[in-house]
Amino acid sequence: MKFKPSVLGKCTRCRLMSNSLSEIIQSLLSDDNAQRMSKKVDEISFLNIWNRLCFDIKAGHDDCRSYAEENYEKIHQWWRDHSSYDLDQLIIVNGLCIEFLKVCCPDGHYGNECRQCNGYPDRICSNNGKCAGSGTRLGNGNCLCNHGYTNMNCDSCAKDYFLNQTLFRLNGTIQCLPCDSSCSGSCFDSGPKGCHVCRNGYYWTIDNGCIDIDECETSDNSNNACPLNSFCINTDGSYHCYQCDPACNGCDGDGPDSCLKCADDHILKDGICVNPDPKPLIQPYASPTRYATYFGLCIVTCIIFRHNIYVSSAIGLAVALYIMASEKSLETEYGRTFDKWWNNVFG
1 MKFKPSVLGK CTRCRLMSNS LSEIIQSLLS DDNAQRMSKK VDEISFLNIW NRLCFDIKAG
61 HDDCRSYAEE NYEKIHQWWR DHSSYDLDQL IIVNGLCIEF LKVCCPDGHY GNECRQCNGY
121 PDRICSNNGK CAGSGTRLGN GNCLCNHGYT NMNCDSCAKD YFLNQTLFRL NGTIQCLPCD
181 SSCSGSCFDS GPKGCHVCRN GYYWTIDNGC IDIDECETSD NSNNACPLNS FCINTDGSYH
241 CYQCDPACNG CDGDGPDSCL KCADDHILKD GICVNPDPKP LIQPYASPTR YATYFGLCIV
301 TCIIFRHNIY VSSAIGLAVA LYIMASEKSL ETEYGRTFDK WWNNVFG
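If you read the sequence shown in my numbering, its first letter stands for residue 1, the second for the next number, and so on.
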């Protein structure tokens with residue numbers, strides 16, 4: 001049987017196979033609970049196990065089975081030497097993968113000679129990282145520190161983190177916590193009062209520590225922080241400028257109701273700058289295609305009229321409503337005329 005090339009390491013594949021082997025043995029031993037105590041592992045034929053090995057695994061089946069077939073003779077030899085023992089999962093993994101095939105190491109050990117990781121057994125990498133290669137015959141044993149920790153044994157706090165002194169004094173645990181967002185690079189405690197130096201956009205106060213500078217308020221007026229005809233919004237450590245509404249000539253917020261003055265051709269009405277005589281968005285002569293569409297719809301209505309007066313009447317009404325709604329939504333001259341007529345009749 002051909003298998004896809006495995007991307008997993010030998011140790012991982014061996015552990016998959018060992019776990020499957022353990023599950024199969026336990027399943028075979030428990031087939032008859034009444035006779036379980038009298039059964040022995042050596043009574044189970046290797047062929048019976050081999051034909052089922054790895055087929056109980058969904059994720060990683062090919063990795064498991066290909067590794068088993070690559071090492072068939074060695075696995076068979078190990079079985080002949082150990083099948084009389086009371087095998088459980090730990091014994092199988094340790095005996096087969098670690099001691100016999102020599103592709104794994106015990107947890108907390110690494111490399112070809114299974115050396116102990118720094119801090120083994122209780123404080124590997126100060127419990128703040130992982131030992132490179134732990135449990136395998138690979139790796140160099142260096143500590144791969146968690147975010148916020150640094151140094152060879154992950155026993156120091158990285159930039160923008162500080163040591164929890166209370167926990168350290170209590171039991172020696174090294175716990176690094178993030179500095180406040182107002183700090184620049186380092187701190188000695190939590191919150192804005194724990195900063196060594198304030199970040200750009202903040203200033204120091206004795207009572208509260210690093211406080212955000214409101215650039216929008218500290219300017220002579222709010223427009224000085226931003227270009228002409230825009231308004232300022234303060235953010236943590238900075239600010240953003242946003243363009244005023246087209247109806248405004250200067251503003252202190254978003255929308256035509258936040259104008260300091262109205263733009264040319266606009267007037268103030270009910271606190272909002274509006275255009276008293278808006279130009280049509282689309283001129284009547286600017287869209288011949290639109291009128292061609294209207295004409296086409298009318299032609300279709302006339303053609304249907306020759307065959308069915310009722311259907312054509314319904315379609316004609318729909319076309320008329322479509323044309324009126326279209327002109328009204330486009331704010332053409334005809335649309336505004338219709339709007340006035342509608343208000344006079346139904347308003």
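Just so you know, even glycine gets a beta-carbon here, dropped at the ideal spot from N, CA and C.
From a predicted model like this one, the values you see are computed outputs, not experimental measurements.
Item                                                                                                           : Value
Rounded separation between SER238 and MET324 - CA only                                                         : 50 Å
Complete runs of the beta strand (DSSP E) confined to the segment 103-165 [at least 3 residues]                : 129-131, 143-145 and 161-163
SER222 versus SER134 - alpha carbon distance                                                                   : Any reading at SER222 must be qualified, since the residue scores a pLDDT of 46, below 50, and its modelled position is unreliable; the value itself is stated next. Approximately 59 Å between the Cα atoms of the pair.
ASN171 classed as buried or exposed, judged by whether at least 16 other C-beta atoms fall within 10 angstroms : exposed
Local Cβ density within 10 Å of GLY185, reported as buried at 16 or more and exposed below that                : exposed
For PRO227, three-class secondary structure by DSSP                                                            : coil
Extent of the continuous alpha helix (DSSP H) run through CYS14                                                : 10-29
C-alpha gap between GLU217 and THR166, whole angstroms                                                         : 40 Å
Residue span of the alpha helix (DSSP H) that contains SER66, given as start and end                           : 61-70
Nearest candidate by alpha-carbon position, reference LYS159, set TRP204, HIS147, ARG169 and CYS104            : HIS147
Where GLN77 falls: helix, strand or coil (DSSP)                                                                : helix
contact_flag[the segment 202-216, the segment 256-270] where n(CB pairs < 8 Å) is 3 or more                    : no
ILE57 versus ILE24, TYR72 and CYS244, residue with shortest Cα-Cα distance                                     : ILE24
CB contact flag (PHE46, TRP79, <8 Å)                                                                           : yes
Residues near SER20 in its chain [Cβ-Cβ closer than 7 Å; skip 5 each side]                                     : LEU53, CYS54, ASP56, ILE57 and CYS64
Buried versus exposed, by CB contacts within 10 Å (16 or more), GLU73                                          : exposed
Same chain, Cβ closer than 6 Å to LYS10, five either side skipped, listed in chain order                       : VAL103
Which residues DSSP lists as bridging TRP204, in chain order                                                   : CYS210
Same chain, Cβ closer than 6 Å to CYS157, five either side skipped, listed in chain order                      : LEU163 and CYS176
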